[in-house]
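K.L.:
Starting off with a structure, shown below.
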Amino acid sequence: MADILIIEDEEDLLMTLEYNLKNEGYQVYPFPSGEEGLDWAIQQGPPDLVILDIMLPGMSGIEVCHRLRTHARTRATPILFLSAKGEGADRVVGFELGADDYVVKPFNVRELLLRVRAILRRSGASAQLADDSLVEFGTLKMDRKKHRVWVAGQELSLTAMEFKLLDLLLTNKGWVQSRDTLLTKVWNVHNTTIQTRTVDVHVKRLREKLGSVGEAIETVRNIGYRFREHPVEEVVETGRSMGYRFRDRAPEE
């Protein structure tokens, strides 16, 4: 049965939705904040549907929606907005933001369940979109199905582990991956001091093979690694008494 993520800060409503959706046989993951729900969606998901309150404390539902729509793992995930604002203009804005449906509070729970069922039925054929085989990041191109990678049109020779490592980091770009997580998901082993060094060695080799794109793999001190969300653009700097020049490399953080 489908996995449904609920992000709603009203405790009573969150519990009501969780109870009724579980009774329908869905696997439900409830969170009271946008930050927690977004983290779960990207790290543990993607879910089959997100029920998202617009007016959330901290990170708003609008920001959560934007991040879900721009991340490779969740960009095709259906989103159902919940809002106390029911004017026509508010609904239009909701759909423009990327919502698949818009429900105004207070609402009939039975009607909501029918809407959930309809969304899941419609999205069944598009569920595979979140796993697109062809990925692009600046001059980097990856074909997951064929296990091939190119940088600036030149094909790279990656080992199976290097390919899996790159795939994991690129899929979760913007999010830190600890060494333990990389060991578990790439090597299928538990952490030891020696094995964590293995991660560092493979990251170093992968960076070298990726050339300038390798700079997108950032080291997060004492934790692990993170792939930048956006490609590094060339930066113009002032040359002493000479005018301007382009840096050969992006500045280290």
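Okay, so the sequence shown: first residue is 1 according to this note's numbering, each after it adds one. Don't be surprised by glycine CBs; every beta carbon is placed ideally from N, CA and C. Here the structure is a predicted model, which means the values were calculated and not measured.
1) Is the region 20 to 37 touching the region 71 to 78, taking contact as three or more C-beta pairs under 8 Å?
2) To which residues does DSSP link E155 through a beta bridge?
3) Please list, in chain order, all residues of the same chain as Q128 whose beta carbon is under 6 Å from its beta carbon, the five residues on each side excluded.
4) Sorted by chain position, which residues of the same chain lie with C-beta nearer than 6 Å to R144's C-beta, five sequence neighbours on each side aside?
5) Is the beta carbon of L256 less than 8 Å from the beta carbon of I54?
6) Going by C-alpha distance, which of V109, S60, E218 and R121 is nearest E36?
7) Counting along the chain, where does the alpha helix (DSSP H) carrying V116 start and finish?
8) Cβ atoms of L5 and W40: under 8 Å apart, would you say?
9) Note down, in chain order, each residue of its chain lying with its Cβ closer than 7 Å to the Cβ of K105, except the 5 sequence neighbours on either side.
10) With a threshold of 8 Å, are at least 3 pairs of Cβ atoms found where one atom belongs to the region 5 to 21 and the other to the region 109 to 119?
11) Which parts of the region 22 to 82 are runs of the beta strand (DSSP E), unbroken and 3 residues or longer, counting only runs that do not cross its ends?
12) From L120 to L38, what distance separates their C-alpha atoms?
13) Which of the three DSSP states, helix, strand or coil, is assigned to D101?
14) Can you list, in chain order, the residues of its chain with a C-beta nearer than 8 Å to that of E273? Leave out the 5 residues immediately preceding and following it.
15) Contact defined as beta carbons within less than 8 Å: I believe G224 pairs with Q177. What is the distance between those atoms, to the nearest angstrom?
16) Given this structure, state the Cα-to-Cα distance separating L13 from R115, to the nearest angstrom.
17) Taking DSSP as the reference, what is the three-state secondary structure of V139?
18) Can you list, in chain order, the residues of its chain whose CB lies under 7 Å from that of S241, leaving out five sequence neighbours each side?
19) Flag this pair as yes or no: are the beta carbons of F137 and P231 separated by less than 8 Å?
20) When you compare only the Cα positions, how much space is there between L182 and P46?
21) Considering only their Cβ atoms, is the gap separating R228 from A216 smaller than 8 Å?
22) Considering R226, what are the terminal residues of the alpha helix (DSSP H) in which it resides?
P.N.:
According to the structure data:
1) A contact between stretches requires three or more CB pairs, one per stretch, nearer than 8 Å, and the region 20 to 37 fails this requirement with the region 71 to 78.
2) Numbered from 1 along the sequence shown, position 155 holds the residue referred to as residue 155. The partner list for E155 (beta bridge, DSSP) reads W150.
3) Along the sequence shown, read from residue 1 onward, the residue named residue 128 stands at position 128. With a pLDDT of only 45 at Q128, under 50, the local geometry of the prediction cannot be trusted, and no value is derived from it.
4) Taking the sequence shown and counting its residues from 1, the one referred to as residue 144 is at position 144. Leaving aside the five residues that flank R144 on each side, the residues in its chain whose CB is nearer than 6 Å to its CB run, in chain order, S133.
5) Given a span of 1 to 253 for the chain in the structure shown, any question on residue 256 remains unanswerable.
6) To locate residue 36, count along the sequence shown from 1; it is residue 36. Comparing Cα positions, the closest option is S60.
7) Taking the first residue of the sequence shown as 1, we reach residue 116 at position 116. Note, V116: alpha helix (DSSP H), V109 to S123.
8) Here residue 40 is taken as the residue at index 40 of the sequence shown, counted from 1. Here residue 5 is taken as the residue at index 5 of the sequence shown, counted from 1. Contact flag set, yes.
9) For the purposes of this step, residue 105 is identified with residue 105 of the sequence shown, where counting begins at 1. These residues qualify, in order along the chain: L82, S83 and A84.
10) Touching, yes, given that three or more Cβ pairs across the two stretches are closer than 8 Å.
11) As for any beta strand (DSSP E) of minimum length 3 sitting wholly inside the region 22 to 82, the runs are 27 to 31 and 49 to 53, ordered along the chain.
12) Locating residue 120 in the sequence shown gives position 120, where the first residue counts as 1. Locating residue 38 in the sequence shown gives position 38, where the first residue counts as 1. Each residue's alpha carbon lies about 20 Å from the other.
13) Stepping through the sequence shown from its first residue, residue 101 is reached at position 101. In the structure shown, D101 sits in a strand (DSSP, three-state: E or B).
14) Because the chain is modelled from 1 through 253, residue 273 falls outside the range shown and cannot be assessed.
15) Here residue 224 refers to the residue found at position 224 when the sequence shown is read from its first residue. Here residue 177 refers to the residue found at position 177 when the sequence shown is read from its first residue. At roughly 5 Å, the Cβ-Cβ gap stays under 8 Å, so G224 and Q177 are in contact.
16) As a position in the sequence shown, residue 13 is number 13, starting the count at 1. As a position in the sequence shown, residue 115 is number 115, starting the count at 1. In a straight line, the C-alpha of L13 is about 17 Å away from that of R115.
17) As a position in the sequence shown, residue 139 is number 139, starting the count at 1. Sequence check: residue 139 is Thr here, not Val. DSSP, read as helix, strand or coil, puts T139 in coil.
18) Position 241 of the sequence shown, counted from the start, is the residue given in the question as residue 241. Annotation note: pLDDT 38 at S241 (below 50); position unreliable, no value reported.
19) Here residue 137 is taken as the residue at index 137 of the sequence shown, counted from 1. Here residue 231 is taken as the residue at index 231 of the sequence shown, counted from 1. Taking C-beta atoms as the reference points, F137 and P231 count as a pair closer than 8 Å.
20) The residue you call residue 182 lines up with position 182 of the sequence shown. The residue you call residue 46 lines up with position 46 of the sequence shown. Approximately 19 Å between the Cα atoms of the pair.
21) In the sequence shown, residue 216 corresponds to position 216, counting from 1. In the sequence shown, residue 228 corresponds to position 228, counting from 1. Their beta carbons are under 8 Å apart, which means A216 touches R228 by this criterion.
22) Taking the sequence shown and counting its residues from 1, one reaches residue 226 at position 226. That residue, R226, is in no alpha helix (DSSP H); its beta strand (DSSP E) goes G224 to F227.
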